[in-house]
Amino acid sequence: MDHWIREAEAARQTSLDQVDYLHSELGPNATGHERLFFEIAAAFQTIMTSDDIEDVAALRTQTRALHERLTDELQALAMSVAALDRLES
22 MDHWIREAEA
32 ARQTSLDQVD
42 YLHSELGPNA
52 TGHERLFFEI
62 AAAFQTIMTS
72 DDIEDVAALR
82 TQTRALHERL
92 TDELQALAMS
102 VAALDRLES
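Take 22 as the starting number for the sequence shown in our numbering and just add one per residue.
Written out as structure tokens, the structure reads:
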């Protein structure tokens, strides 16, 4: 059991380290889909560290909505790139 707990905590810390890296790379000046990605990462960090069950539930709902918006934006971007590729050929 101790081994499982240590592995889970190490995975949690790795995830939080990645979020910290995103904060330092994207920062509050991110725009467009980068901004959405930044907001998702910030919510994830709060979810991983919060003890407030209601706050975590609200953040999970918010993060799902942000993820859907990000997915839509990335699909639109992919379609635009495909259209440009067709124009070039």
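Ideal Cβ positions, reconstructed from N, Cα and C, are used throughout, including at glycine.
Nothing here was measured: the structure is a model prediction, and the numbers come from that model.
My output table needs one value for residue i: the three-state DSSP class, helix, strand or coil.
| i | result |
| --- | --- |
| Met22 | coil |
| Thr52 | coil |
| Ser71 | coil |
| Ser110 | coil |
Taking 8 Å as the limit between beta carbons, can you name the residues of its chain near residue i, skipping five residues before and five after?
| i | result |
| --- | --- |
| Leu98 | His54 |
Within 10 angstroms of its Cβ, does residue i collect 16 or more other Cβ (buried), or is it exposed?
| i | result |
| --- | --- |
| Ala29 | exposed |
| Ala78 | exposed |
| Leu87 | buried |
| Ile57 | The amino acid at residue 57 is misidentified as Ile; the sequence shows Leu. So Leu57 counts as buried. |
Express the C-alpha separation of residue j and residue i in angstroms, rounding to a whole number.
| i | j | result |
| --- | --- | --- |
| Arg90 | Ile61 | 11 Å |
| Thr84 | Leu108 | 36 Å |
| His44 | Phe59 | 7 Å |
| Ala104 | Thr82 | 33 Å |
| Glu75 | Asn50 | 29 Å |
| Val102 | Thr92 | 15 Å |
Leaving aside the five residues before and after residue i along the sequence, list all residues of the same chain whose C-beta is less than 7 Å from its C-beta, in chain order.
| i | result |
| --- | --- |
| Thr67 | Leu80 |
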